[in-house]
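Undergrad: Residue numbers (the numbering used here), protein chains in the order written: chain E, 1 to 110; chain D, 1001 to 1114.
In this text, a Cβ means the ideal position worked out from N, Cα and C, and glycines have one as well.
Computed from a predicted model, the values in this text were never measured in an experiment.
#1: When the Cα atoms are used, what is the spatial distance from residue 10 of chain E to residue 106 of chain E?
#2: On the premise that residue 1106 of chain D lies in contact with residue 1023 of chain D, defined as a C-beta separation below 8 Å, what is that separation, rounded to the nearest angstrom?
#3: Measure the C-alpha to C-alpha separation of residue 68 of chain E and residue 1035 of chain D and round it to an integer number of angstroms.
#4: Is any beta-carbon of chain D found at less than 8 Å from that of residue 103 of chain E?
#5: What three-state label does DSSP hand residue 1069 of chain D in the structure shown?
#6: Exposed or buried, residue 1026 of chain D, counting other C-beta atoms within 10 Å across all chains shown (16 or more means buried)?
#7: Which chain E residues sit within Cβ distance under 9 Å of residue 1048 of chain D?
#8: If you measure between the beta carbons of residue 1076 of chain D and residue 1064 of chain D, is that distance less than 8 Å?
#9: Can you pull the chain D neighbours of residue 41 of chain E, defined as C-beta to C-beta under 8 Å?
#10: Taking buried to mean at least 16 other C-beta atoms within 10 Å of its own C-beta, is residue 31 of chain E buried or exposed?
#11: Counting only C-beta atoms, is residue 6 of chain E closer than 8 Å to chain D at any point?
#12: Let's see if you can read the secondary structure: which residues bound the beta strand (DSSP E) around residue 28 of chain E?
#13: Within 10 Å of its beta-carbon, does residue 28 of chain E have 16 or more other beta-carbons around it, so buried, or fewer, so exposed?
#14: Using the Cβ count rule (16 or more neighbours within 10 Å means buried), how would you classify residue 39 of chain E?
#15: Checking contacts by CB at 8 Å: is residue 1027 of chain D closer than that to chain E?
#16: Exposed or buried, which one is residue 1047 of chain D when buried takes at least 16 other CB atoms within 10 Å?
#17: According to DSSP, is residue 1096 of chain D part of a helix, a strand, or is it coil?
#18: Could you tell me the distance, in whole angstroms, from the CA atom of residue 6 of chain E to the CA atom of residue 34 of chain E?
#19: Does residue 1071 of chain D get closer than 8 Å to chain E when you measure Cβ to Cβ?
#20: Using only alpha-carbon positions, find the residue among D:1089, D:1056, D:1002 and D:1110 that is nearest to residue 94 of chain E.
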């Protein structure tokens, strides 16, 4: 089946720093999704990307759909303590069929 | 209003028992899913139903049986529970007919098998 490599696996940063994480795949995806999971909660959709090359922002978050359709990155600027959580990428080859990355656990030190 | 809800939130039970988890979505979506998240936080698809019909059935033991009485509900019944079934189970929904299909997740059910 399709595999996603998400990196880094974990990050420990200081409040105010910028964060970057990415996902790569050997397969082409038509949609890239980025989710955040807070402890004890379900993943919440942050950004959805539908076209190769697309760059989308949501507040301090920016994500891009790679031009090859095999990768995507998520940047968080000026991190704050509530950014703590697990970030998942997901690629869809067809609507509703998501392959999830293994997650990036973000810790923000005040 | 809760978009995707699951009950119970926590479930602690003995090995060998049978249990069910319920899921409801009020988003009007046409597709619902069950995911399993293990202790390493990996999210794995188990089942997907579109308009009450099973469309994805990953390699899941047949002790797990999903049931969709209508397109707003997808329940998961588990027979003869084993220690390895301990995990967090997430229900999700999406509107696949819209051509995008991003999933919206419930809050999860933490299952502990003793």
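TA: With the given structure in hand:
#1: Within the first chain, numbered from 1, the residue matching residue 10 of chain E stands at position 10. Within the first chain, numbered from 1, the residue matching residue 106 of chain E stands at position 106. Approximately 6 Å, taken between the alpha carbons.
#2: By 1-based counting over the second chain, the position of residue 1023 of chain D is 23. By 1-based counting over the second chain, the position of residue 1106 of chain D is 106. Confirmed, Cβ separation roughly 6 Å.
#3: As a position in the first chain, residue 68 of chain E is number 68, starting the count at 1. As a position in the second chain, residue 1035 of chain D is number 35, starting the count at 1. When rounded, the distance between both Cα atoms is 28 Å.
#4: As a working note, residue 103 of chain E is residue 103 in the first chain. True, the Cβ-Cβ gap to chain D drops below 8 Å.
#5: Walking along the second chain from the start, residue 1069 of chain D turns up at place 69. Strand.
#6: The residue labelled residue 1026 of chain D in the question sits at position 26 within the second chain. By the 10 Å Cβ count, residue 1026 of chain D comes out exposed.
#7: Counting from 1 along the second chain, the entry for residue 1048 of chain D is found at position 48. Simply 96 and 97.
#8: Here residue 1076 of chain D is taken as the residue at index 76 of the second chain, counted from 1. Here residue 1064 of chain D is taken as the residue at index 64 of the second chain, counted from 1. Result yes, Cβ atoms of residue 1076 of chain D and residue 1064 of chain D sit closer than 8 Å.
#9: Counted from its first residue, the first chain places residue 41 of chain E at position 41. By Cβ distance, chain D contributes 1107 and 1108.
#10: Locating residue 31 of chain E in the first chain gives position 31, counting from the first residue. Classification of residue 31 of chain E: buried, given that the 10 Å Cβ count is 16 or more.
#11: Residue numbering aside, residue 6 of chain E sits at position 6 when the first chain is read from its first letter. Cβ-Cβ to chain D under 8 Å: no for residue 6 of chain E.
#12: The count along the first chain starts at 1 and reaches residue 28 of chain E at position 28. That residue, residue 28 of chain E, is in no beta strand (DSSP E); it is neither H nor E in DSSP.
#13: Residue mapping note: residue 28 of chain E aligns to position 28 of the first chain, counting from 1. Residue 28 of chain E should be labelled exposed.
#14: Along the first chain, read from residue 1 onward, the residue named residue 39 of chain E stands at position 39. Exposed, by the Cβ-count rule.
#15: Position 27 of the second chain, counting from 1, holds the residue named residue 1027 of chain D. Residue 1027 of chain D does not count as touching chain E.
#16: The count along the second chain starts at 1 and reaches residue 1047 of chain D at position 47. That one is buried.
#17: The count along the second chain starts at 1 and reaches residue 1096 of chain D at position 96. Residue state, collapsed to three classes: helix.
#18: Stepping through the first chain from its first residue, residue 6 of chain E is reached at position 6. Stepping through the first chain from its first residue, residue 34 of chain E is reached at position 34. Distance between the alpha carbons of residue 6 of chain E and residue 34 of chain E: 11 Å.
#19: Here residue 1071 of chain D refers to the residue found at position 71 of the second chain. Chain E contact via Cβ: absent.
#20: Here residue 94 of chain E is taken as the residue at index 94 of the first chain, counted from 1. If we check each option's Cα against that of residue 94 of chain E, D:1056 comes out closest.
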